[in-house]
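Encoded as structure tokens, the structure appears first; notes follow it.
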Amino acid sequence: MSAINEQTKWEDEVYLLAREDRVEGGIYGPSNKQARQLANRTRYLKTAVESLQDYRDYTFFMTPDDPDGT
């Protein structure tokens, strides 16, 4: 089993599978298109949140000196 190669990019829309779509896996298969788009959005949002200063100042943030982030 392989993993989806996530990219840090915003996807403007999420593909809706149609009845006539063939169930095909693989990197560009229609069956994985939604998962890939949602993974890209999630990576984009995670990167955006982690870049905010408040994220580090007001949330639990693990560092080598504070491994549990408290």
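The sequence shown lines up with residues 1 to 70 when you count with full-length UniProt numbering. Ideal placement from N, C-alpha and C gives every residue a C-beta, glycine not left out. Please read all numbers here as calculations on a predicted model, not as lab measurements.
Between the options, which lies nearest to residue i when the distance is taken from Cα to Cα?
i: residue 2; options: 12, 19, 37, 27; result: 27
i: residue 33; options: 21, 65, 51; result: 21
i: residue 16; options: 36, 6, 8, 62; result: 36
Ends of the alpha helix (DSSP H) at residue i?
i: residue 42; result: 30-50
Return helix, strand or coil for residue i, following the three-state DSSP convention.
i: residue 21; result: coil
i: residue 54; result: helix
i: residue 66; result: strand
Alpha carbon to alpha carbon, what distance is there between residue j and residue i?
i: residue 30; j: residue 4; result: 13 Å
i: residue 45; j: residue 38; result: 10 Å
i: residue 13; j: residue 53; result: 29 Å
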